[in-house]
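Engineer: The sequence shown begins at 726 in my numbering and counts up one residue at a time. Even glycine gets a Cβ: it sits at the ideal position worked out from N, Cα and C. Everything numeric in this text was worked out from a predicted model, so none of it was measured.
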Amino acid sequence: RTAFPRRDFFAVPLMGMPDFEPSVGALRGHLVEARRPLLVGGVSVSGTQLAGLLNLLVSEIRKTNEVSFPSMKRCVIFDGFLAPLVNKLADDVRAALPQLDDYDPELASRDPRQMVVSSFNDSSVHLAHEAMLRDEARALLQQRLDGLWREVEMANEAFGNEVFHVAQEEREALASSKKLPVRQRGLLKKIVVTSNTLIVESRAVVHKKRGGEPECSDWTSTKRTVQRLEESAFECLNKLPIIKGHLYKHSPSALRSMLRLFNGHQQTRICILKEGHFVWWESEAALTGGSANGCINFFVHRAQVEADIDDPATFTIKPSAQARGGWDMADNCFTGGANRAFHFDASSCEVSRDDWVDAIQKHIEFADLAHDQLGTTRLLD
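#1: Going straight from the alpha carbon of Lys969 to that of Leu923, what length do you get?
#2: Between which residues of its own chain and Phe1024 is the CB-CB distance below 7 Å, once the five residues before and five after are set aside?
#3: Cα separation between Glu887 and Lys934?
#4: Excluding the 5 residues preceding and the 5 following Gln952 in the sequence, name in chain order all residues of the same chain whose CB lies nearer than 8 Å to its CB.
#5: Skipping 5 residues on each side, what residues in its chain have a beta carbon closer than 6 Å to that of Asp1053?
#6: Between the Cα of Asp1033 and the Cα atoms of Cys1058, Ala1066, Ala856 and Gly1015, which residue gives the shortest distance?
#7: Which residue marks the beginning of the beta strand (DSSP E) containing Asn921, and which one marks its end?
#8: Taking DSSP's pairing of strands, which residues face Arg753 in a bridge?
#9: For Val801, does the count of other Cβ atoms within 10 angstroms reach 16, so buried, or fall short, so exposed?
#10: Using the three-state DSSP reduction, which class does Phe803 fall into: helix, strand or coil?
#11: Which residues share a DSSP beta bridge with Trp944?
#12: Could you check which residue in Glu926, Ala759 and Leu810 has the C-alpha nearest to that of Leu866?
#13: If you draw a straight line from the C-alpha of Glu882 to the C-alpha of Ala864, how long is it?
#14: Give me, in chain order, the residues of the same chain whose beta-carbon lies closer than 8 Å to that of Cys941; leave out the 5 immediate sequence neighbours on both sides.
#15: Starting from Glu955 and walking both ways along the alpha helix (DSSP H), at which residues does that stretch end?
#16: Spatial neighbours of Phe884 within its chain, please: C-beta separation below 7 Å, excluding the five flanking residues on both sides.
#17: In terms of residues, what are the limits of the alpha helix (DSSP H) holding Trp874?
#18: If we count Cβ pairs, one from each stretch, closer than 8 Å, do we get three or more for the region 898–912 versus the region 847–863?
#19: Once the 5 residues before and after Ala815 are set aside, which same chain residues still bring their CB inside 6 Å of it?
#20: How is Asn846 classed by DSSP in three states: helix, strand or coil?
#21: Looking at Arg949: is its Cβ nearer than 7 Å to the Cβ of Val925?
#22: Give the secondary structure of Cys1020 by DSSP, where H, G and I count as helix, E and B as strand, and everything else as coil.
#23: Can you tell me whether Phe845 is buried or exposed, with buried defined as 16 or more other CB within 10 angstroms of its CB?
#24: Could you name the residues of the same chain whose beta carbon sits closer than 6 Å to that of Pro966, not counting the 5 residues immediately before and after it, in chain order?
#25: Pick out whichever of Asn812, Glu1090 and Ala736 has its Cα sitting closest to the Cα of Ala958.
#26: To which residues of the same chain is Glu955 closer than 7 Å at the C-beta, ignoring the five residues directly before and after it?
#27: Quick one: grab the DSSP three-state call for Ile1089.
#28: Check Thr773 in the structure and name its three-state DSSP category.
#29: Please report the straight-line C-alpha distance between Ala736 and Glu746, rounded to a whole angstrom.
#30: Looking at the unbroken beta strand (DSSP E) that takes in Leu905, where does it start and where does it end?
#31: Is the beta carbon of Thr1039 closer than 7 Å to that of Glu1031?
#32: So, helix, strand or coil for Phe735, using DSSP?
#33: Quick check: the Cα distance between Gln839 and Ala892, rounded to an integer number of angstroms?
#34: By Cβ distance, which residues of its chain are closer than 6 Å to Phe734, with the 5 residues on each side in sequence left out?
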């Protein structure tokens, strides 16, 4: 009764009776007017599907003398509707897949699978009560889509594995080391540094179109060697400026004018900036035959140099912020105590004040780096 809620009855007399033909005609007309689509599980059965269904009925009766209703539903719902829907969606995806001619780093954004599965769900939503058949068809669709998309990914991977760029890298590997003095004579003859002989090695670095970590060959020797000082500050020693000139050395600014007016050359000092040291003598004779009158050793005396903003000829050398407590070992190198600031006047010098300041700054930076690399103990030894 659920399957056929409306029922109509017609009396048809025996063939040959006077009312036979009119009764049959009325039956035919009613059948045509009251016809409705044949539905199985909510799916309309087409003529082709009906023929297939009838063939199934005949086949099942011949084999088992009975017909399984689930088999009938599968014939109509899965074979007649869901499977063709899966085939159509898969064919549409195949026709719309990206055609690659190079590596596409954004390929994942062009993946249509989720959208196609959503389309399948929308098209089969009326079969929600047939969950098993619907899930089976969805799994079949997903398998087909995964296979199609994997082909695109494999093509993209092949393009991605093509070489984009090959670079050469070099490194230096230690071969041997030896200790030697920075200078054979002079101010730095007692400072010992480490000279390393390094072998230059190289390797190829291959970058792929897909990016990521490059592929590297093994390191191989180039047969070239280089010499490096472990204490790298001394690599630039020969590039440091050497300056010699006559400077006024005087007390703070209150006495500057008096010193220039009344003392003349008596306060003049012959000064030399060399190898991280600022040294001065009272006269040329003392320079050639006597000891220096004073020395600022930038390796030990952590210093800073400043140009006087009020006097274009004057500059000052004083303890830096690193020299907590003032100059170290001040009594061995000059008078005036640990916090003394040295004021120099270049007004009569062969070298300008700014050149002195620039050069002294370079020597201070060199000596500070050397101090950090060597340490106080090695410098004093």
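Structural biologist: Concretely, from the data shown:
#1: 37 Å
#2: Gly1001, Ala1092, Ala1095, His1096 and Leu1104
#3: 6 Å
#4: Ser920, Asn921, Thr922 and Leu923
#5: Val1025
#6: Ala1066
#7: Val917 to Lys933
#8: In DSSP, Arg753 forms no bridge with anything.
#9: buried
#10: helix
#11: None; Trp944 has no bridge partner.
#12: Leu810
#13: 26 Å
#14: Glu894, Arg928, Ala929, Val930 and Val931
#15: Per DSSP, Glu955 belongs to no alpha helix (DSSP H) and is neither H nor E.
#16: Leu825, Asp827, Tyr828 and Lys934
#17: Ala856 to Gly885
#18: no
#19: Arg869
#20: helix
#21: yes
#22: strand
#23: buried
#24: Ala1084
#25: Glu1090
#26: Val918, Thr919 and Asn921
#27: helix
#28: helix
#29: 12 Å
#30: Val888 to Pro906
#31: no
#32: coil
#33: 41 Å
#34: none
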